[in-house]
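Residue numbers (the working numbering), protein chains in the order written: chain V, 1 to 518; chain P, 519 to 966.
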């Protein structure tokens, strides 16, 4: 094993097949208390709707097999609890365990959204306090906690904007989106019924003001701006951007994915932003869980208040809280029930733990990113040299000369004990390496990361093949993504799905994917 | 602060290495006028114990100690402690979306297993890795049908969950979709003649929920024939997924949109839950959301990857099938663990207990003079009854006995103002059912 790799070693790791492959009739993992009312003949009760043969193919395994199965699977994953994920714009920070505890409390996890409001004051107080805290952090006037994720928050924001314009007699046609934007921005704009028009970035990686001025007219509903941008650079001209838009009656939407650079230091509401979403599973520490659940609250200025999704939290006499469903101008609902309440609980727990000290987290996040940038400048190409905030974007231009690209470097990081950074995004930087350490990384971890990146750059120079065929130490090597898409196998089927992990199976040619990840 | 792994000395060292005199310098790109000079006005900082105390106090202000007969889209079911033991493992809880497949095989294989279980339950050929919930899954299923057929009208059963219908309308407004409702007949099921009358060749899909919001199980065969005869697609929504333990899977459906909350997810005041879209293989390229597929690595070993990503926002951007990115992965994992624990026999037994308890409750309620069953259609664990007086008044009485009564059907169906939607699951004991029935009887005998 490479002596330079100090952070990770190889170790015996359990194999495990699909749970269906361990199944055999008569085994069960969970038993029920005995039935205390007379049993019913299901065939008689349900008639033609009766599922006589049960669920075919459903696994039959014991409790210990379930525990072993999922425990073994879990050991194949990288996780924040194991080490750094320098994924740009994902904000992979520590997920505090007390958040998990409080979300599971009796009286919190057990409540039904339709139970009487007088028996839900605890839940409503949690929502109310979270609203107040998020408004204080963002500098906005009102907020909805309903959207289930950032993308849904973006949609909600655009629906609010549309409703506003509709009220003024012209719903408008277009949404302006910078070419550096996250894919959900244009995807969402289309769902909201708008045409997407791309806005160029200037040589500093910021919105090209002159180009913007040309593009903004009365057919433009809004500009969707990420700030700091996906380059990690603060859009210094945001007040001017707001002015240009407002002059033509257009609104400024801010994608709040990068709030980790701003919380406690500055407030989007003070800078002319009309509406924005937050990602609670980024800035506010709720766990990523392999891909959700998240939450995407949308905060806005008063002008958009009439259009808030229902229900709305209101305070009645005596301080009693209630949910108000009667709002004539509401855009409606974007999902059933009030929101991802369990996620909202976790976010509030995070905010309460920090209090006003949330600024320190932001400062440490920006400190870490700049420390890494300082040490890697020169080793990696830095396409945009304006100051970085919580993330820095390099490119693979130097390493490309030896045929090594960002994806290869990312895969080699795995051998060193790190999760890759974000590759190939934003699109305006060819061969991007987007690095966001977050405040959760110690100086030691940052130093390991810097050493690793330097070591891999050296390998790219002296031994490019090593990097291009990485990772070498994972239980699974590079996977055939082309084959997966060409002949999709999306489920297990008894007797059909081939097992090909016997030793001696012929090697398969692998195509190197260049799909951007975030 | 306990979440920050830096000492003051280390911060100084790092600033020096950067060449900055203070942390302020690193924020100099933010215009002066917008840099906050005072700390934010936020509660805290709280120690761990104080955080816990805060939420325990909030919990005490909710409904602890009350029994409950509410369903209406959110169901109380037993969950094994094993589920949390797995979910709380840091490698699942704190891992990211499995874009880097070599170090995410745990997540990817679990998704593949989830997709398989969903297909087995629904009788469909392919299922995705999750949507936000049943309401958005239903909406996205309709948008999928619109893309597949190129048609603009959708006919929706009035017995589709009222909030699912609201969500559909919100999304439909901006896509030019025309949403129309089809009523229900005296049996509580879809008015088939009404459907036939409304069907034309401009309909992309017909959406039916089964068991529907009123608890009635629909006869999908004749509905499917009618729908397909007009060249439209049948979307079947399922809010109580446990019903599939005893009820025939909707294999006639072209797309199934399901809420999986019944599988190992606590009610949690409305979320997070887990939506699923399941459909035919031939429609897979129009399916929204993530998909995990099986493949092999360079050594020929079996592995799993996210696949068919060209449907998704990070590749297709404005041409994507959906804008969904973060979904409900950990909730899907909870459902996967829960279902593998239950297994083939367990899910059947749990469903049987629900059926038996609901039948028992109805039987006992019908002994009360003036109460009758609202609809003749078969039901699973939810049924509507008509009371001789306002449900709201009866529920107010029940609260005095620490019982949270049934859903007031009149809130969503004004013409059914005296009907109550009663839900009974395996978690409701016989004693609780008897106490509930007795309390209802007293409430009806109380002079107004």
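Idealized CB from N, CA, C, for every residue including glycine.
DSSP state of residue 643 of chain P, grouped into three classes?
coil
Can you tell which of V/186, V/339, V/330 and V/482 has its C-alpha closest to the C-alpha of residue 837 of chain P?
V/186
Determine the DSSP secondary structure at residue 102 of chain V, reduced to helix, strand or coil.
helix
Quick one: residues in its chain with C-beta nearer than 8 Å to the C-beta of residue 719 of chain P, no 5 flanking neighbours on either side, listed in chain order?
669, 748 and 749
Should residue 441 of chain V be counted as a contact of the ligand ADP given a C-beta to heavy atom distance under 8 Å?
Looking for the ligand ADP in the displayed structure turns up nothing, as the structure carries no ligands at all.
Hey, does residue 865 of chain P have any beta-carbon neighbour from chain V nearer than 9 Å?
yes
Looking at chain V, is there any beta carbon in it that lies within less than 9 Å of the beta carbon of residue 577 of chain P?
yes
Drop a sphere of 10 angstroms on the beta-carbon of residue 164 of chain V, count the other beta-carbons inside from all chains shown, and report buried for 16 or more, exposed for fewer.
buried
Tell me the rounded alpha-carbon separation between residue 215 of chain V and residue 256 of chain V.
23 Å
Cutting at 7 Å between CB atoms, please list the residues of its own chain near residue 279 of chain V, excluding the five before and the five after it.
150, 256, 257, 294 and 296
Report the residue from V/100, V/252, V/323 and V/207 whose alpha carbon sits nearest the alpha carbon of residue 230 of chain V.
When only C-alpha atoms are compared, the closest one is V/207.
Applying a beta-carbon distance threshold of less than 8 Å, which residues of chain V neighbour residue 531 of chain P?
443
Give the list of continuous alpha helix (DSSP H) stretches no shorter than 4 residues that lie fully inside the region 719 to 790 of chain P.
Restricting attention to alpha helix (DSSP H) runs no shorter than 4 residues, the region 719 to 790 of chain P encloses them at 738 to 747, ordered along the chain.
Ordered along the chain, which non-local residues of its own chain (more than five positions away) have a Cβ less than 7 Å from that of residue 14 of chain V?
72 and 75
Is the distance from the Cβ of residue 479 of chain V to the Cβ of residue 452 of chain V below 9 Å?
no
Would you verify that the beta carbon of residue 524 of chain P is, or is not, closer than 9 Å to some beta carbon of chain V?
By this cut-off, residue 524 of chain P is an interface position.
Excluding the 5 residues preceding and the 5 following residue 450 of chain V in the sequence, name in chain order all residues of the same chain whose CB lies nearer than 7 Å to its CB.
372, 375 and 376
Please go through the region 374 to 427 of chain V and give each complete alpha helix (DSSP H) segment of 4 or more residues, from N-terminal end onward.
397 to 400 and 406 to 415
Is residue 763 of chain P closer than 9 Å to residue 29 of chain V when the C-beta atoms are compared?
no
Which residues in the same chain as residue 160 of chain V place their Cβ atom closer than 8 Å to its Cβ, once the five residues preceding and following it in sequence are excluded?
275, 298, 300, 304, 307, 308 and 331
Could you work out which residues of chain V lie near residue 859 of chain P, taking near to mean beta carbons separated by less than 7 Å?
29, 30, 63 and 66
If contact means a Cβ-Cβ distance below 9 Å, which residues of the region 379 to 400 of chain V contact chain P?
386, 387, 388 and 389
Taking the alpha-carbon positions, what's the residue 269 of chain V to residue 141 of chain V distance?
8 Å
For chain C, find out if any of its Cβ atoms is closer than 9 Å to the Cβ of residue 322 of chain V; answer yes or no.
The question asks about chain C, but that chain is absent: this structure's protein chains are V and P.
What beta strand (DSSP E) runs, 3 residues minimum, are completely inside the region 678 to 719 of chain P?
696 to 700
Is the shortest distance between the beta-carbon of residue 862 of chain P and the beta-carbons of chain V less than 9 Å?
yes
Please compile the residues from chain P whose C-beta is within a distance smaller than 7 Å of the C-beta of residue 10 of chain V.
Chain P residues near residue 10 of chain V: none, gap ~14 Å exceeds 7 Å.
Any idea which residues DSSP pairs residue 922 of chain P with across the strands?
P/586
Can you tell which of V/62, V/107, V/91 and V/277 has the C-alpha that lies nearest to the C-alpha of residue 225 of chain V?
V/277
Can you tell me whether residue 503 of chain V is buried or exposed? The criterion is at least 16 other CB atoms within 10 Å of its CB, across all chains shown.
Any reading at residue 503 of chain V needs caution, since the residue's pLDDT is 38, under 50, leaving its predicted position unreliable; the model's value is listed next. That one is exposed.
Would you report the Cα separation of residue 62 of chain V and residue 23 of chain V, rounded to the nearest angstrom?
Using only the alpha carbons, I get a separation of about 9 Å.
Which value, in whole angstroms, describes the spacing of the CA atoms of residue 911 of chain P and residue 942 of chain P?
Computed Cα separation, rounded: 21 Å.
Can you grab the Cα-Cα spacing for the pair residue 203 of chain V / residue 625 of chain P, in whole Å?
40 Å
Using alpha carbons as the reference points, say which of P/936, P/620 and P/930 lies closest to residue 682 of chain P.
Relative to the Cα of residue 682 of chain P, the nearest Cα in the group P/936, P/620 and P/930 belongs to P/930.
Under the three-state reduction of DSSP, which class applies to residue 283 of chain V: helix, strand or coil?
coil
From P/660, P/848 and P/555, pick the residue whose C-alpha is nearest to that of residue 724 of chain P; which is it?
P/660
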